[in-house]
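Taking this note's numbering, the leading residue of the sequence shown gets 596, the next gets one more, and so forth.
Inspection log for the structure reproduced underneath, given as structure tokens.
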Amino acid sequence: MNKDVVIIRGESVADVAAALAGESEIFIVHDVNVAATAASVAVALPAVKAVIGIETSEERKTMETAVELCERLLEADASRRALVLAIGGGITTDIAGFSASMYKRGIRYANIPTTLLAQVDAAIGGKTGVNLHGYKNMLGAFHMPEFTFLAPDALAGLPAKEVRCGLAEMLKTFLIGDADAYAAAISLLSGTKTLSGLRDFAVRAAEIKAEIVRRDPLEHGERAVLNLGHTFGHAIEHCSGGKIAHGEAVGKGIILAAKLSESLGLAEKGLAARLKADFEGAGLDVECPFGIKELAAAMKKDKKDGKFVLLRGIGKPVVMEVSGDDLCKCTK
Ligand code: GLY
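Laid out in structure tokens, this is it:
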């Protein structure tokens, strides 16, 4: 996978049309909940061959759904020149990207994320996939999108839960990559949240992620830091049976990772309490309702193989294996 990571800070559908000028076969795949957005993009593009709505949920993020999407591409005569344009949140871009990676041994795709979480994380960097038996993203492929288009209006009208999920991933990126942006974002989020202010931070987070992925697209090393909060987070999501959404679980997971960092002597005492106060000030519930035994059982099936992203401090991530005994120290 040697494609660049392209982020377009767009202003209107005219910018989407400009980015796709010269395409001959565009297949829009959208979350049914953003059908109006998909329709407005479709009318602005001359080469749209089909508009395909998919229902999105963690339960439906499966191989069957990805194969169904490939079948619909086949029925609509998508050739190897086709480009899939995914419009929706992270579940949509993960399924559409994964289907694009399989269809006719791989066709191109591009993302227009419509949630904060997808804008700052899921729709960037080419990780695509689906769940298996309730375990996150166990089947997947690295397949880099042609671009990720950050639309200005994507954040307006997002449900509060969606905003909270996106904020957790955004703060995660700042915690691993930009201590100044972290402090500035916390200051904004603890006061009046303005959409324009949030958009600037979302774009900054997207750019930080893009820089990391450019250096390590296949996660041979550095890219793993983007998984801060995810080893705990995936286990929390799994234990909750899907009731706790991905971003919410990542927020809780980050605080557990900070506690673990302290208990291993990596971070100074007080880091976890500070992050907890910051996150709560930003409106995030970071209490974890599960004990370590439950979490550890779910972690065994995760792809992270016992590896955790920990913090030496804000902006200083470190990836390391942690023993079961050490794990017990950070949670009840
Ligand atoms: N969500 C983490 C990554 O894309 O590497």
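The beta carbon of each residue, even a glycine, is placed where N, CA and C say it ideally should be.
| field | Which of helix, strand or coil DSSP assigns to Arg-655 | value | Along the sequence shown, read from residue 1 onward, the residue named residue 655 stands at position 60. In this structure, Arg-655 counts as coil in the three-state DSSP scheme.
| With burial defined as no fewer than 16 other Cβ atoms inside 10 Å of the residue's Cβ, what is the status of Leu-823: buried or exposed? | Here residue 823 is taken as the residue at index 228 of the sequence shown, counted from 1. With 16 or more Cβ atoms within 10 Å of its Cβ, Leu-823 is classed as buried.
| Starting from Thr-709 and walking both ways along the alpha helix (DSSP H), at which residues does that stretch end? | As a working mapping, residue 709 is identified with position 114 in the sequence shown. Premise fails: Thr-709 is in no alpha helix (DSSP H) and is neither H nor E.
| said: Tell me whether the stretch 750 to 757 and the stretch 731 to 741 touch, counting them as touching only if at least three CB pairs, one residue from each stretch, are closer than 8 Å. | reply: With a cut-off of 8 Å, the stretch 731 to 741 and the stretch 750 to 757 do not count as touching, because too few Cβ pairs lie within range.
| query | Any contact of the stretch 771 to 791 with the stretch 696 to 707, i.e. 3+ C-beta pairs under 8 Å? | reply | By the Cβ rule, the stretch 771 to 791 does not count as touching the stretch 696 to 707, because fewer than three pairs are nearer than 8 Å.
| said: On the criterion of 16 or more Cβ atoms from any shown chain inside 10 Å, does Leu-766 qualify as buried, or is it exposed? | reply: If you number the sequence shown from 1, residue 766 lands on position 171. With 16 or more Cβ atoms within 10 Å of its Cβ, Leu-766 is classed as buried.
| query | Taking just the CA atoms, how far does Leu-906 sit from Asp-775? | reply | Walking along the sequence shown from the start, residue 775 turns up at place 180. Walking along the sequence shown from the start, residue 906 turns up at place 311. So the alpha carbons of these two residues sit roughly 16 Å apart.
| Can you find a heavy atom of the ligand ATP that lies under 7 Å from the Cβ of Gly-692? | For the structure depicted, the ligand ATP is absent and the ligand set comprises only the ligand GLY.
| query | For Met-765, which residues does DSSP report across the bridge? | reply | Counting from one through the sequence shown, the residue named residue 765 turns up at place 170. Paired residues: none, contrary to the question.
| Residue from Gly-761, Asp-880 and Ser-694 with nearest C-alpha to Phe-737 | Taking the sequence shown and counting its residues from 1, one reaches residue 737 at position 142. Of the residues Gly-761, Asp-880 and Ser-694, the one whose Cα lies closest to the Cα of Phe-737 is Ser-694.
| field | Lys-722: CB within 7 Å of a non-hydrogen atom of the ligand GLY | value | Here the question's residue 722 lines up with position 127 in the sequence shown. Yes, the beta carbon of Lys-722 sits closer than 7 Å to at least one heavy atom of the ligand GLY.
| message | Using 8 Å for Cβ pairs, my map puts Phe-769 next to Ala-800. What's the rounded Cβ distance? | response | In the sequence shown, residue 769 corresponds to position 174, counting from 1. In the sequence shown, residue 800 corresponds to position 205, counting from 1. Their Cβ separation, rounded to whole angstroms, is 7 Å, which keeps Phe-769 and Ala-800 in contact under 8 Å.
| request: Please report how far the alpha carbon of Gly-605 lies from the alpha carbon of Gly-919, in whole angstroms. | output: Working through the sequence shown from its first residue, we reach residue 605 at position 10. Working through the sequence shown from its first residue, we reach residue 919 at position 324. Each residue's Cα considered, the two are about 46 Å apart.
| query | Ser-696 to Gly-886, Cα distance in whole Å? | reply | One-based indexing of the sequence shown puts residue 696 at position 101. One-based indexing of the sequence shown puts residue 886 at position 291. Taking the straight line joining both Cα atoms gives about 38 Å.
| request: Give the range of the beta strand (DSSP E) segment to which Asp-626 is assigned. | output: If you number the sequence shown from 1, residue 626 lands on position 31. Residues 621 to 626.
| query | Who are the Cβ neighbours of Ala-642 in its own chain at under 8 Å, not counting the five residues just before and after it? | reply | The count along the sequence shown starts at 1 and reaches residue 642 at position 47. So the qualifying residues of the chain are Leu-615, Glu-618, Ser-619, Glu-620 and Ile-621.
| Which same chain residues, not among the five before or five after Ser-785, have their C-beta less than 8 Å away from its C-beta? | As a working note, residue 785 is residue 190 in the sequence shown. Only Asp-873, Gly-876 and Ala-877 meet the Cβ criterion.
| task | Please work out which residues of its chain come closer than 7 Å, Cβ to Cβ, to Glu-857, disregarding the five sequence neighbours upstream and downstream, and give them in chain order. | result | Counting from one through the sequence shown, the residue named residue 857 turns up at place 262. Correct list, in chain order: Lys-864, Leu-866 and Ala-867.
| Which first and last residues belong to the alpha helix (DSSP H) in which Tyr-730 is found? | For the purposes of this step, residue 730 is taken as the residue at position 135 of the sequence shown. Tyr-730 -> not in any alpha helix (DSSP H); beta strand (DSSP E) instead, spanning 730 to 737.
| Collapsed DSSP secondary structure at Thr-723 in the structure displayed | Stepping through the sequence shown from its first residue, residue 723 is reached at position 128. Under the three-state reduction of DSSP output, Thr-723 falls in the strand class.
| request: Could you pull the start and end residues of the alpha helix (DSSP H) that Lys-646 belongs to? | output: The residue labelled residue 646 in the question sits at position 51 within the sequence shown. Checking the sequence shown, residue 646 turns out to be Val, not Lys. Here Val-646 belongs to no alpha helix (DSSP H); instead the beta strand (DSSP E) covers 643 to 649.
| message | By the three-class DSSP mapping on this structure, what secondary structure does Arg-907 have? | response | Here residue 907 is taken as the residue at index 312 of the sequence shown, counted from 1. In the structure shown, Arg-907 sits in a strand (DSSP, three-state: E or B).
| In whole angstroms, what is the alpha-carbon distance linking Leu-821 and Glu-806? | Counted from its first residue, the sequence shown places residue 821 at position 226. Counted from its first residue, the sequence shown places residue 806 at position 211. Near 11 Å, if we compare the C-alpha coordinates of Glu-806 and Leu-821.
| Near Cys-665, which residues of its chain fall below 8 Å by C-beta distance, leaving aside the five closest residues on each side in sequence? | As a first step, residue 665 is located in the sequence shown; it is residue number 70 there, counting from the start. So the qualifying residues of the chain are Ser-694, Met-697 and Tyr-698.
| said: Give me the residue from Gly-648, Lys-854, Ile-909 and His-829 with the minimum Cα distance to Ala-779. | reply: The count along the sequence shown starts at 1 and reaches residue 779 at position 184. The residue with the shortest Cα to Cα distance from Ala-779 is Ile-909.
| query | When every heavy atom of the ligand GLY is checked, does at least one fall within less than 7 Å of the C-beta of Glu-814? | reply | Stepping through the sequence shown from its first residue, residue 814 is reached at position 219. Relative to the ligand GLY, Glu-814 has its C-beta within less than 7 Å of a heavy atom.
| message | Am I right that Glu-741 and Val-601 are in contact with their C-beta atoms under 8 Å? What's the rounded C-beta distance? | response | Counted from its first residue, the sequence shown places residue 741 at position 146. Counted from its first residue, the sequence shown places residue 601 at position 6. About 7 Å; that satisfies the 8 Å criterion.
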